[in-house]
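**Q**
Number of protein chains: 2
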Amino acid sequence: MELLLAVARLGSLGGAARELGITQPAASSRVRSMERQLGVALVDRSPRGSRLTDAGALVTDWARRIVEAAEAFDAGAQALRDRRDSRLRVAASMTIAEYLLPGWLVALRSQLPDTAVSLLAGNSASVGERLLSGEADLGFVEGVSVPAGLDSAVIARDRLIVVTAPGHPWARRRRPLAAAELAATPLILREKGSGTRQVLDAALGGLARPLIELSSTTAVKAAAVSGAGPSVLSELAVGEELATRRLVSVPVADVALARDLRAVWPTGHRPTGPARQLLSLTRG
Amino acid sequence: MELLLAVARLGSLGGAARELGITQPAASSRVRSMERQLGVALVDRSPRGSRLTDAGALVTDWARRIVEAAEAFDAGAQALRDRRDSRLRVAASMTIAEYLLPGWLVALRSQLPDTAVSLLAGNSASVGERLLSGEADLGFVEGVSVPAGLDSAVIARDRLIVVTAPGHPWARRRRPLAAAELAATPLILREKGSGTRQVLDAALGGLARPLIELSSTTAVKAAAVSGAGPSVLSELAVGEELATRRLVSVPVADVALARDLRAVWPTGHRPTGPARQLLSLTRG
DNA sequence: ATGAGGGCATAAGCTGCAGTTATGAGCAGC
DNA sequence: GCTGCTCATAACTGCAGCTTATGCCCTCAT
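From first to last, the protein sequence lines are chains A and B.
All you need for my numbering is the position in the first sequence, starting with 1, plus 1.
All you need for my numbering is the position in the second sequence, starting with 1, plus 1.
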């Protein structure tokens with residue numbers, strides 16, 4: 002995969018091989034075996050370099066998504082590994098750790114390649130404790146209240162959105178859904194007590210009706226995609242499903258389905274150094 | 002990766018191993034070596050099964066993205082391979098082949114596991130030719146006009162959106178951008194002649210000013226993310242960047258930056274069988 | 001023209017990893 | 001206590017993918 006991207010970038014098998022720290026025959030044989038598997042030529046080899054064919058460009062674009070996901074995974078994995086002796090220790094609540102942090106870490110790595118980052122994931126309260134006990138330098142929490150003793154800055158809003166499979170009647174709806182209507186409809190939801198469920202219950206006045214209760218965001222998404230019914234999910238969780246129209250967002254009126262995502266740090270100790278850098282990444 | 006997902010799903014290393022067609026010791030050792038690499042326990046093993054730890058759940062969620070990207074890649078790759086003797090032969094223009102088709106193929110595969118699909122990617126004209134010559138059963142094109150001799154159905158709209166890095170002044174803008182303002186500002190663009198460029202030029206009356214011209218959507222995105230300037234891109238291309246706020250969308254007034262995405266087939270020959278199934282997937 | 005240099009392919013050999021089989025141990029429930 | 005599930009450990013094995021070594025082709029500069 003990376004090899005294809007490198008070939009696209011450098012226009013040469015040997016060059017790409019060098020970049021990945023392997024030898025030219027190894028690169029050549031990899032590409033060859035991939036072409037054999039697909040039954041399609043991916044690169045045009047000429048005595049003065051190699052270019053991707055049309056099919057190669059398509060495959061490379063598909064491959065790029067895998068590589069990017071792998072980079073994010075790797076950045077996150079590094080952070081889990083580096084427990085001790087890291088220059089920057091981050092504590093984050095689950096949603097942020099899950100959806101946003103890997104991307105930030107990738108970006109941070111490109112700016113400060115030698116900075117070891119460690120990550121502790123937990124709920125808002127535990128993020129607060131880590132910061133106050135000095136176990137973490139910078140925290141990220143979602144939700145309404147900021148733990149005591151911390152300063153904070155809002156870095157983004159996480160909107161909860163109502164989604165359905167494209168086949169559902171609501172998918173064609175143009176007039177926004179009223180809060181009462183949402184409250185009256187059985188929804189696919191996380192179990193009571195989860196962060197998104199709390200926000201939803203608060204917004205509707207504790208009235209959300211479960212159609213099914215599932216214990217993970219993924220399970221909820223899968224149920225919604227399969228058309229089991231409407232659901233309410235963080236827009237972070239469904240970005241890709243919306244883009245490919247596996248899910249459709251339903252407009253909603255007069256319901257405050259948003260929560261702030263905040264960076265937090267001990268009162269008075271403004272983030273400096275790598276923490277400052279990371280913080281600035283999260284706001285742009 | 003898949004192994005982690007399977008463990009999460011089945012609650013047992015051995016069960017996960019069986020599902021992946023490997024033996025239990027192999028699975029055990031894989032997980033073990035991953036835990037060694039990360040320095041964190043991923044699964045809680047007990048004599049009556051295994052559950053993911055908190056860290057394991059986090060890692061698994063990150064891994065899921067890779068696996069999904071890989072599935073899409075695989076579905077696309079299959080389709081490139083199956084040239085001959087496929088039950089369903091699809092022709093698609095590049096944007097659709099790049100961003101949407103892999104997802105559709107994954108969904109189709111789950112509905113019709115044994116249907117071999119082949120894919121021919123090209124521009125609108127070549128899609129038309131393939132259909133008329135009987136080389137393809139169903140086509141997908143983007144753009145304003147439908148090639149002659151074909152019936153079509155609009156399956157989605159592809160909106161072009163103005164994006165900037167979060168640091169750019171436009172990112173904070175609330176008042177929509179006027180067309181004139183957009184036309185007057187140098188933009189990061191694809192080269193003249195590309196599909197998105199054509200739509201943009203048409204919408205602005207041929208006036209788009211390039212700040213830089215780049216030859217691939219990826220390069221344009223990278224430039225925009227790095228803050229080189231504003232750009233205009235398909236929302237399909239920037240879904241993930243928007244969700245993670247690496248890019249921000251700028252509201253635009255009075256410019257028709259949309260194009261229809263259409264399914265097409267030879268006039269009179271309504272899609273049947275797997276073609277119909279695929280078509281219905283694309284609309285929900 | 002000719003030789004140097006960069007690009008790719010092929011062949012042969014080596015190595016390590018990821019898998020296998022085989023076995024044992026812990027715990028639950030009948 | 002037996003059966004059946006879980007997981008761990010150990011020793012063996014095979015093959016995928018690498019490296020090194022070489023050759024050919026083309027281009028460009030001398």
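Built from N, CA and C at the ideal position, the CB exists for glycine as well.
With distances taken from CA atoms, which of Ala73/B, Ala137/B, Leu59/B, Leu113/B is nearest Phe74/A?
**A** Numbered from its first residue, the first sequence carries residue 74/A at position 73. For Phe74/A, the nearest C-alpha among the options comes from Leu59/B.
**Q** Please compile the residues from chain A whose C-beta is within a distance smaller than 7 Å of the C-beta of Ala117/B.
**A** One-based indexing of the second sequence puts residue 117/B at position 116. Simply none; closest approach about 13 Å.
**Q** With a threshold of 8 Å on Cβ separation, who are the neighbours of Ala137/B within its own chain once the five nearest residues in sequence on each side are excluded?
**A** Taking the first residue of the second sequence as position 1, residue 137/B is located at position 136. Counting only Cβ-Cβ distances below 8 Å, and skipping sequence neighbours, we find Arg90, Val91, Ala92, Leu121, Val128, Arg131.
**Q** Taking 8 Å as the threshold (beta carbon to beta carbon), is Thr24/A in contact with chain B?
**A** Position 23 of the first sequence holds residue 24/A. Closer than 8 Å: no.
**Q** Comparing C-alpha positions only, which one of Ala166/B, Arg173/B, Thr165/B, Leu161/B sits nearest to Gly196/B?
**A** Position 195 of the second sequence holds residue 196/B. Answer by Cα proximity: Leu161/B.
**Q** Hey, does Val128/B have any beta-carbon neighbour from chain A nearer than 8 Å?
**A** Position 127 of the second sequence, counting from 1, holds the residue named residue 128/B. Not closer than 8 Å to any Cβ of chain A, the Cβ of Val128/B fails to qualify, so no.
**Q** Does the distance from the CB of Leu258/A to the CB of Ala181/A come in under 8 Å?
**A** Working through the first sequence from its first residue, we reach residue 258/A at position 257. Working through the first sequence from its first residue, we reach residue 181/A at position 180. No. Outside cutoff.
**Q** Give the secondary structure of Glu69/B by DSSP, where H, G and I count as helix, E and B as strand, and everything else as coil.
**A** By one-based count along the second sequence, residue 69/B stands at place 68. Reduced to three states, the DSSP call for Glu69/B is helix.
**Q** Let's see if you can read the secondary structure: which residues bound the beta strand (DSSP E) around Ala157/B?
**A** In the second sequence, the residue the question calls residue 157/B occupies position 156. Start and end: 151 to 165.
**Q** If we count the other Cβ atoms within 10 Å of its Cβ and call it buried at 16 or more, is Thr24/A buried or exposed?
**A** Counting from one through the first sequence, the residue named residue 24/A turns up at place 23. The residue is exposed, with fewer than 16 neighbouring Cβ atoms inside 10 Å.
**Q** In terms of alpha-carbon separation, which member of Ala9/A, Leu113/A, Ala154/A, Ser119/A lies closest to Thr268/A?
**A** The residue you call residue 268/A lines up with position 267 of the first sequence. When each option's Cα is compared against that of Thr268/A, the closest is Ala154/A.
**Q** Taking buried to mean at least 16 other C-beta atoms within 10 Å of its own C-beta, is Glu236/B buried or exposed?
**A** The count along the second sequence starts at 1 and reaches residue 236/B at position 235. The residue is buried, with at least 16 neighbouring Cβ atoms inside 10 Å.
**Q** What is the DSSP secondary structure of Glu242/B, reduced to helix, strand or coil?
**A** Within the second sequence, the letter at position 241 stands for residue 242/B. Reduced to three states, the DSSP call for Glu242/B is helix.
**Q** Of the residues Ala225/B, Ser13/B, Pro275/B, which one's Cα is nearest the Cα of Arg49/B?
**A** Along the second sequence, read from residue 1 onward, the residue named residue 49/B stands at position 48. Among Ala225/B, Ser13/B, Pro275/B, the Cα nearest to that of Arg49/B belongs to Ser13/B.
**Q** Roughly how many whole angstroms lie between the Cα atoms of Ala157/A and Ser217/B?
**A** As a position in the first sequence, residue 157/A is number 156, starting the count at 1. As a position in the second sequence, residue 217/B is number 216, starting the count at 1. Using only the alpha carbons, I get a separation of about 30 Å.
**Q** Compute the Euclidean distance between the alpha carbons of Arg33/A and Ala7/A, then round it to the nearest angstrom.
**A** By 1-based counting over the first sequence, the position of residue 33/A is 32. By 1-based counting over the first sequence, the position of residue 7/A is 6. Using only the alpha carbons, I get a separation of about 15 Å.
**Q** Listing by chain order, which chain A residues have their CB less than 9 Å from the CB of Glu236/B?
**A** Taking the first residue of the second sequence as position 1, residue 236/B is located at position 235. The contacting residues are Ala244.
**Q** Within 10 angstroms of its Cβ, does Ser119/B collect 16 or more other Cβ (buried), or is it exposed?
**A** Your numbering for residue 119/B matches position 118 in the second sequence. Ser119/B comes out buried.
**Q** Leu215/A and Ala224/A: beta carbons closer than 8 Å?
**A** Taking the first residue of the first sequence as 1, we reach residue 215/A at position 214. Taking the first residue of the first sequence as 1, we reach residue 224/A at position 223. Yes.
**Q** Can you tell which of Leu139/A, Leu201/A, Gly240/A has the C-alpha that lies nearest to the C-alpha of Pro187/A?
**A** The residue given as residue 187/A occupies position 186 in the first sequence. Looking at the Cα atoms, Leu201/A is the closest of the given residues.
**Q** Using the Cα positions of Arg246/B and Gly240/B, report the straight-line distance between them to the nearest angstrom.
**A** Within the second sequence, the letter at position 245 stands for residue 246/B. Within the second sequence, the letter at position 239 stands for residue 240/B. For Arg246/B and Gly240/B, the distance between alpha carbons rounds to 10 Å.
**Q** Figure out for me which residue from Leu151/B, His169/B, Gly57/B, Arg65/B has the closest Cα to the Cα of Gly230/B.
**A** On the second sequence, residue 230/B is found 229 positions in, with the first residue counted as 1. Nearest C-alpha to Gly230/B: His169/B.
**Q** Measure from the C-beta of Val8/A to each C-beta in chain B and report whether the shortest distance is under 8 Å.
**A** In the first sequence, the residue the question calls residue 8/A occupies position 7. No, Val8/A does not count as interfacial toward chain B.
**Q** One question on the structure: do Arg65/A and Glu143/A come within less than 8 Å of each other, judged by their Cβ atoms?
**A** To locate residue 65/A, count along the first sequence from 1; it is residue 64. To locate residue 143/A, count along the first sequence from 1; it is residue 142. Contact: no.
**Q** Closer than 7 Å, Cβ to Cβ, to anything on chain A: give me those residues from the stretch 151 to 176 of chain B, in chain order.
**A** If the cut-off is 7 Å between Cβ atoms, the stretch 151 to 176 of chain B has Ala157, Ala166, Pro167, Gly168, Ala172 near chain A.
**Q** Could you tell me whether the Cβ of Arg198/A comes closer than 8 Å to any Cβ of chain B?
**A** For this step, residue 198/A is matched to residue 197 along the first sequence. No, because no Cβ of chain B sits closer than 8 Å to the Cβ of Arg198/A.
**Q** Strictly below 8 Å CB to CB, what residues from chain B border Thr219/A?
**A** On the first sequence, residue 219/A is found 218 positions in, with the first residue counted as 1. What Thr219/A touches in chain B: Asp62, Arg65.
**Q** Quick one: is Lys193/B buried, meaning 16 or more other Cβ sit within 10 Å of its Cβ, or exposed?
**A** The residue you call residue 193/B lines up with position 192 of the second sequence. Lys193/B is exposed by the Cβ-count criterion.
**Q** In chain order, what residues of the same chain lie with their CB nearer than 8 Å to the CB of Leu113/B, ignoring the 5 residues before and after it?
**A** Along the second sequence, read from residue 1 onward, the residue named residue 113/B stands at position 112. Taken in chain order, the residues that qualify are Pro275, Gln278.
**Q** Tell me which residues share the same chain as Glu242/A and place their Cβ nearer than 6 Å to its Cβ, disregarding the 5 neighbours each side in the sequence.
**A** Residue numbering aside, residue 242/A sits at position 241 when the first sequence is read from its first letter. Answer for Glu242/A: Leu248, listed in chain order.
**Q** With 7 Å as the limit, tell me which residues of the stretch 76 to 104 of chain A have their beta carbon closer than that to any beta carbon of chain B; keep them in chain order.
**A** Listed by position along the chain: Gly77, Ala78, Leu81, Arg82, Arg84, Ala98, Glu99, Leu101, Pro103, Gly104.
**Q** List the endpoints of the continuous beta strand (DSSP E) containing Pro187/A.
**A** In the first sequence, the residue the question calls residue 187/A occupies position 186. Unbroken beta strand (DSSP E) run through Pro187/A: 187 to 191.
**Q** Kindly identify the DSSP beta-bridge partner or partners of Glu143/A.
**A** Numbered from its first residue, the first sequence carries residue 143/A at position 142. Glu143/A is bridged to Leu262/A.
**Q** Among Leu101/B, Thr61/B, Thr165/B, Leu133/B, which residue has its Cα nearest to the Cα of Thr283/B?
**A** Counting from 1 along the second sequence, the entry for residue 283/B is found at position 282. Looking at the Cα atoms, Leu101/B is the closest of the given residues.
**Q** Where Val164/B and Asp62/A are concerned, what is the direct C-alpha to C-alpha distance, given to the nearest angstrom?
**A** Here residue 164/B corresponds to residue number 163 of the second sequence, with the count starting at 1. Here residue 62/A corresponds to residue number 61 of the first sequence, with the count starting at 1. Looking at the two C-alpha atoms, the distance is approximately 21 Å.
**Q** Let me know the secondary structure DSSP gives Pro267/A once reduced to three states.
**A** Looking up residue 267/A in the first sequence gives position 266. Three-state result, Pro267/A: strand.
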